[in-house]
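The numbering of the sequence shown is our numbering, which starts it at 3 and goes up by one.
Take a look at the structure set out below.
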Amino acid sequence: MAGILEGKVALVTGVSADGQVGQAVAKALGEQGAALIIVARNEKNVEARA
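Pasting the structure below:
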């Protein structure tokens, strides 16, 4: 079953730190089918979450 955000793109900031709101939002949007653009200050942490 397709998520309600299938075909949509979401830009989410603040995903580098564990337990932060940005990480939870990115996960929820991705689970609903959105393509994600994630942004954070720490490139290594972003790559680990991609």
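Just so you know, even glycine gets a beta-carbon here, dropped at the ideal spot from N, CA and C.
Inter-residue distance for residue 7 and residue 25 is about 17 angstroms (C-alpha atoms, whole angstroms).
Across the structure, residue 5 and residue 31 are spaced so that their CA atoms are roughly 9 angstroms apart.
The criterion of a C-beta distance shorter than 9 angstroms is not satisfied by residue 16 and residue 37. Membership of residue 27 in the alpha helix (DSSP H) is indicated by the continuous run 23–33. Residue burial annotation: residue 28 is buried, with at least 16 other C-beta atoms found within 10 angstroms of its C-beta.
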